[in-house]
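J.:
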Amino acid sequence: MDTSAEEIFGDELGSTSTLAVCDEMVTAMAESIYSELEKLIDSYGHSAVTGLMPLLVSVLESLETTCAQAKESEEQLELVHEDKQRLFIQYERERDARKRAEEVLKCLM
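Listed below in structure tokens is the structure:
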């Protein structure tokens with residue numbers, strides 16, 4: 001591949017997905033928090049976590065929503081990378097075709 005073209009279009013990025021386990025992570029966090037809240041309730045009663053519980057639920061729901069948005073963004077990014085690769089291949093073909101056409105034109109002159 002032409003190095004000047006690499007500078008223009010960038011090189012391929014790895015497509016390692018760290019977001020694949022996001023749902024499991026949120027579920028595991030919710031389970032851990034629930035376990036700790038049960039300990040607090042056993043020690044101090046329900047009133048100790050009454051105000052905290054809605055906040056934690058809201059945070060976990062927001063985290064889950066954020067994970068879903070991140071997954072969607074990752075999917076869109078993958079489509080963009082595929083489009084970039086397709087366009088780069090098309091660019092190389094057209095560049096090569098132009099070079100051949102210019103060589104033919106020089107031979108005819």
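Residue numbers (the UniProt record's numbering): 1 to 109.
Note that the Cβ used here is the ideal one computed from N, Cα and C, for glycine as well.
Keep in mind that this is a model prediction, so the values were computed, not measured.
(1) Are the CB atoms of I33 and L56 nearer to each other than 8 Å?
(2) The alpha helix (DSSP H) that contains T50, what's its start and end?
(3) By how many angstroms is the C-alpha of F88 removed from the C-alpha of L63?
(4) Is the Cβ-Cβ distance between L60 and A97 less than 8 Å?
(5) What would DSSP say about residue 111, mapped onto helix, strand or coil?
(6) Between H46 and S58, what straight-line distance do the alpha-carbon atoms span, to the nearest angstrom?
(7) Rank R95, C107, L52, T65 by C-alpha distance to the C-alpha of residue 169 and give the top, closest one.
(8) Can you list, in chain order, the residues of its chain whose CB lies under 7 Å from that of V49, leaving out five sequence neighbours each side?
T.: Let me lay it out:
(1) Here residue 33 refers to the residue found at position 33 of the sequence shown. Here residue 56 refers to the residue found at position 56 of the sequence shown. Yes, they are a contact pair.
(2) Position 50 of the sequence shown, counted from the first residue, corresponds to residue 50. Premise fails: T50 is in no alpha helix (DSSP H) and is neither H nor E.
(3) Walking along the sequence shown from the start, residue 63 turns up at place 63. Walking along the sequence shown from the start, residue 88 turns up at place 88. Using only the alpha carbons, I get a separation of about 37 Å.
(4) For this step, residue 60 is matched to residue 60 along the sequence shown. For this step, residue 97 is matched to residue 97 along the sequence shown. No, these two residues do not count as a Cβ contact at 8 Å.
(5) No statement about residue 111 is possible, as the shown extent of the chain runs from 1 to 109 and does not include it.
(6) Numbered from its first residue, the sequence shown carries residue 46 at position 46. Numbered from its first residue, the sequence shown carries residue 58 at position 58. If you take the alpha carbons of H46 and S58, they lie about 19 Å apart.
(7) Since the first residue shown for the chain is 1 and the last is 109, residue 169 is missing from the structure and cannot be characterised.
(8) Numbered from 1 along the sequence shown, position 49 holds the residue referred to as residue 49. L37, L40, I41.
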